Amino acid sequence: MFMHPDSKDIGIITDSVLEATCSKCGCKIDVAGLDPFIEVECPDCHSIEKVPAKLGQFLLLNLIGKGGMGGVYYAQDLSLGRHVAIKVMLQSLGDNKEFVETFKREAQAVAKLNHPNIVQVYAFGKEKG
182 MFMHPDSKDI GIITDSVLEA TCSKCGCKID VAGLDPFIEV ECPDCHSIEK
232 VPAKLGQFLL LNLIGKGGMG GVYYAQDLSL GRHVAIKVML QSLGDNKEFV
282 ETFKREAQAV AKLNHPNIVQ VYAFGKEKG
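182 is the number of the first residue of the sequence shown in my numbering; add one for each residue after it.
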């Protein structure tokens with residue numbers, strides 16, 4: 182498990198991965214032992230790729246942004262084979278049961294909405310604390 186550089190302020194713990202897939206040519210890149218989110222060069226097409234990190238059923242590909250509550254990652258849902266955005270809250274907030282319950286209620290309320298200008302919520306869960 183690693184706490185990766187892009188996530189030090191976010192305080193999340195992820196699992197490492199053994200290989201990455203080049204987004205340009207599909208080549209498998211050996212990334213065993215490398216820290217998540219460092220840049221590597223594809224051996225076939227020389228594209229620069231970031232080493233992903235695993236969090237539950239998701240492969241975190243890139244940090245999109247971070248704020249006071251945590252961070253949002255561009256990720257791949259490995260169980261459904263689709264790209265998603267994953268919002269990960271600060272570990273310190275995850276330890277606050279009242280805050281987590283409020284966050285869950287808000288996620289449930291937004292999940293009931295269906296509008297082209299509102300992000301669809303597909304899941305809510307807890308991983309690695």
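Each residue gets a CB set at the ideal place from its N, CA and C atoms; glycine is no exception.
Since the structure is predicted, the reported quantities are computational estimates derived from the model, not experimental observations.
- For the options T283, I299, V212, the alpha carbon positioned closest to that of F305 is the one of T283.
- Judged by DSSP in its simplified three-state form, L274 adopts helix.
- Its Cα nearest to that of L242, the residue R263 stands out among G249, R263, F280.
- For I193, the CB contacts under 6 angstroms within the same chain, skipping 5 residues up- and downstream, are V269 in chain order.
- A residue is called buried when at least 16 other Cβ atoms come within 10 angstroms of its Cβ; L261 does not meet this threshold and is exposed.
- By the Cβ test, the region 196 to 212 is in contact with the region 228 to 243, since at least three Cβ pairs between them sit closer than 8 angstroms.
- Close CB contacts of V291 within its chain, under the 6 angstroms cut and outside five residues either way in sequence, are with V302 (chain order).
- K231: member of the beta strand (DSSP E) spanning 229 to 231, first to last residue.
- The Cβ atoms of E230 and C206 do not sit closer than 7 angstroms to each other.
- For the pair L240 and Y254, the CB atoms are not nearer than the 7 angstroms cut-off.
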